[in-house]
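Peer 1: After the structure tokens below, expect a handful of questions from me.
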Amino acid sequence: MNKKILIVAGDPNSINTEIIYKTWKKINDNKKKKIFLIGNYNLINEQLSKLKLKIKVLKVTNLNSDKFSKNLKIFDVPLRFKNPFNVSLESASDYLIDCLKLADKLARKTGVNGIINCPIDKKLLKKTKKVGVTEYFASICGVFDKSEVMMIYNNKFSVVPLTTHIKVRDISKNINKKLIILKLLSLNSCYKKIFNKKPKIGVLGLNPHNAEMKKDVEEVKEIIPAISVLKKKGVRITGPLSTDTAFIQNYKKFNILVGMYHDQVLTPFKALFHYDAVNVTLGLPYIRVSPDHGPAFDLIGKNKGNYVSLLHCVNFIYNLKK
Numbered sequence: 089m090n091k092k093i094l095i096v097a098g099d100p101n102s103i104n105t106e107i108i109y110k111t112w113k114k115i116n117d118n119k120k121k122k123i124f125l126i127g128n129y130n131l132i133n134e135q136l137s138k139l140k141l142k143i144k145v146l147k148v149t150n151l152n153s154d155k156f157s158k159n160l161k162i163f164d165v166p167l168r169f170k171n172p173f174n175v176s177l178e179s180a181s182d183y184l185i186d187c188l189k190l191a192d193k194l195a196r197k198t199g200v201n202g203i204i205n206c207p208i209d210k211k212l213l214k215k216t217k218k219v220g221v222t223e224y225f226a227s228i229c230g231v232f233d234k235s236e237v238m239m240i241y242n243n244k245f246s247v248v249p250l251t252t253h254i255k256v257r258d259i260s261k262n263i264n265k266k267l268i269i270l271k272l273l274s275l276n277s278c279y280k281k282i283f284n285k286k287p288k289i290g291v292l293g294l295n296p297h298n299a300e301m302k303k304d305v306e307e308v309k310e311i312i313p314a315i316s317v318l319k320k321k322g323v324r325i326t327g328p329l330s331t332d333t334a335f336i337q338n339y340k341k342f343n344i345l346v347g348m349y350h351d352q353v354l355t356p357f358k359a360l361f362h363y364d365a366v367n368v369t370l371g372l373p374y375i376r377v378s379p380d381h382g383p384a385f386d387l388i389g390k391n392k393g394n395y396v397s398l399l400h401c402v403n404f405i406y407n408l409k410k
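Numbering (this note's numbering), first residue to last: 89 to 410.
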């Protein structure tokens, strides 16, 4: 099958070049043949050289350059800065956005299985007025706050935050029946398409102990009515579950637990699975994934970056049935 994999090198101030190299060394030639890196050719070469990492790279201009299986193929994105080891926030932002735009353009072509974007500093997206890559891709694809879903995936279990990168004080006013229905219908549909099975979904409440199910709480006003509609539409869904016990044993009954906000599900998930996870954006015209960690500024240049999550991303995209 013609499975192209696009990797966005992204943030130039990061461990990305290092973990790309380490991942490349762990995959077989069949996977190498399908990988295309989006970034600056000279920047990546210079960073590899500084780290004393040797790898053959090849500058390409189209997705049909797949016969060079032992070379890392790079779509060259121009730089607006000179020093590849001390890039200003503004210059890094321009570069990252150029990389993401090219990835979106290429991913819409036939024969591309998906995009992997390496970790970034979210400050680089400030000028786009989007707080994360999930929201950025959803915006340029025209599905923001509609069908896009952030899923943190492990082959044993996954979590989904209903709201993503918003302030805690804004969470409750963003929880509503319409949003819950939209997101979970998209989640249910995309999950079935990717994994060829209907997921068992558990939905967490927002408040401690579901606020004892008092009349004026979000559980009663928004979450339960949404779950009722989703059940009628054939979604295998249970909730609202009490969050304080959901991650002890109850999570094993479900394929996915959906929380009302980011840290409600990501914190316990990471405590359980550490780096053994992939951040997946569903509901786009293509699949987008990323490692489930940040750019690790404290490890830049030390050759100590953990590549495991990026390796999981490559395997996840490669194994998609598309």
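Idealized CB from N, CA, C, for every residue including glycine.
All values derive from a computational prediction rather than experimental measurement.
1. Using C-beta distances below 6 angstroms, list every residue in its chain close to P287, excluding the 5 sequence neighbours before and after it, in chain order.
2. So, at 7 angstroms on beta carbons, what are the nonlocal neighbours of C229 in its own chain, with the 5 sequence-adjacent residues on each side left out?
3. Grab me the residues of K215's own chain with a C-beta within less than 7 angstroms of its C-beta, minus the 5 sequence neighbours each way, in chain order.
4. Nearest to D380 by CA position, among V402, I93, G389, is which residue?
5. Is I405 near I93, with beta carbons less than 8 angstroms apart?
6. Check this for me: beta carbons of N205 and V221, under 8 angstroms apart or not?
7. Give me the residue from T111, V353, A191 with the minimum Cα distance to F245.
8. Mind checking whether the beta-carbon of I269 lies closer than 7 angstroms to any heavy atom of the ligand ADP?
9. So is V96 buried or exposed if we call it buried at 16+ other beta carbons inside 10 Å?
10. Output the distance between the C-alpha atoms of Y339 and G290, rounded to the nearest integer angstrom.
11. Below 8 angstroms between beta carbons: does that hold for V346 and L272?
12. Specify, as a first and last residue, the run of the alpha helix (DSSP H) that Y129 falls within.
13. State the start and end residues of the unbroken beta strand (DSSP E) segment that holds S246.
14. Under 8 angstroms, do C187 and V219 count as touching if we go by C-beta distance?
15. DSSP puts V96 in a beta bridge; with which residues?
16. Report the option in L151, M239, N243 whose CA atom is closest to the CA atom of G199.
17. Below 8 angstroms on the Cβ atoms is my contact criterion, and I expect L125 with L167 to pass it. Report the Cβ-Cβ distance as a whole number of Å.
18. DSSP has M301 in a bridge; who is on the other side?
19. Could you work out which residue in P207, L270, I254 is closest to V102 when comparing CA atoms only?
20. How about E75 and G293: are their beta carbons less than 8 angstroms apart?
21. What alpha helix (DSSP H) runs, 4 residues minimum, are completely inside the segment 226–293?
22. Let me know the beta strand (DSSP E) ranges lying completely inside the segment 330–392, each 3 residues or longer, listed in chain order.
23. Measure the alpha-carbon distance for I325 versus F163 and round it to whole angstroms.
Peer 2: Answer, in terms of the structure:
1. Translated into the one-based positions of the sequence shown, residue 287 becomes position 199. Excluding residues within five positions, the ones whose Cβ falls inside 6 angstroms are Y279, N343, I344.
2. Indexing the sequence shown from 1 puts residue 229 at position 141. Result list for C229: L372, P373, in chain order.
3. Mapped onto the sequence shown, residue 215 falls at position 127. Here the set comprises S181.
4. As a working note, residue 380 is residue 292 in the sequence shown. Selected option, being the one with the closest Cα: V402.
5. Working through the sequence shown from its first residue, we reach residue 405 at position 317. Working through the sequence shown from its first residue, we reach residue 93 at position 5. Yes, the pair counts as a contact, with Cβ atoms nearer than the cut-off.
6. Within the sequence shown, numbered from 1, the residue matching residue 205 stands at position 117. Within the sequence shown, numbered from 1, the residue matching residue 221 stands at position 133. Cβ distance < 8 angstroms, so N205 and V221 count as in contact.
7. Stepping through the sequence shown from its first residue, residue 245 is reached at position 157. Ranked by how close their Cα comes to the Cα of F245, the residues T111, V353, A191 have V353 in first place.
8. Here there are no bound small molecules, and the ligand ADP is not part of this structure.
9. Residue 96 sits at position 8 when you count from the first residue of the sequence shown. Buried is the label assigned to V96, since at least 16 other Cβ atoms lie within 10 Å of its Cβ.
10. Reading the sequence shown from its first residue, position 251 is the one you call residue 339. Reading the sequence shown from its first residue, position 202 is the one you call residue 290. For Y339 and G290, the distance between alpha carbons rounds to 8 angstroms.
11. Here residue 346 refers to the residue found at position 258 of the sequence shown. Here residue 272 refers to the residue found at position 184 of the sequence shown. Cβ distance < 8 angstroms, so V346 and L272 count as in contact.
12. Counting from 1 along the sequence shown, the entry for residue 129 is found at position 41. In this chain, the alpha helix (DSSP H) harbouring Y129 covers 129–138.
13. Locating residue 246 in the sequence shown gives position 158, counting from the first residue. Element bounds for S246: 245–249.
14. Start at 1 with the first residue of the sequence shown, and residue 187 comes out as number 99. Start at 1 with the first residue of the sequence shown, and residue 219 comes out as number 131. Not a contact, by the Cβ cut-off of 8 angstroms.
15. To locate residue 96, count along the sequence shown from 1; it is residue 8. Answer by DSSP bridge pairing, in chain order: I126, N205.
16. Stepping through the sequence shown from its first residue, residue 199 is reached at position 111. Checking every option, the nearest Cα to that of G199 belongs to L151.
17. As a first step, residue 125 must be located in the sequence shown, where it is residue number 37. As a first step, residue 167 must be located in the sequence shown, where it is residue number 79. Contact doesn't hold; Cβ gap of about 15 angstroms is too wide.
18. As a working mapping, residue 301 is identified with position 213 in the sequence shown. DSSP output for M301 lists no bridge partner at all.
19. Looking up residue 102 in the sequence shown gives position 14. In the sequence as presented, Val is not what sits at residue 102; that position holds Ser. Looking at the Cα atoms, P207 is the closest of the given residues.
20. Any question about residue 75 goes unanswered here, given that the chain covers just 89 to 410.
21. 259–262, 265–283
22. Runs of the beta strand (DSSP E) inside the segment 330–392: 344–347, 366–370, 375–379.
23. As a working mapping, residue 325 is identified with position 237 in the sequence shown. As a working mapping, residue 163 is identified with position 75 in the sequence shown. Whole-angstrom Cα-Cα distance: 43 angstroms.
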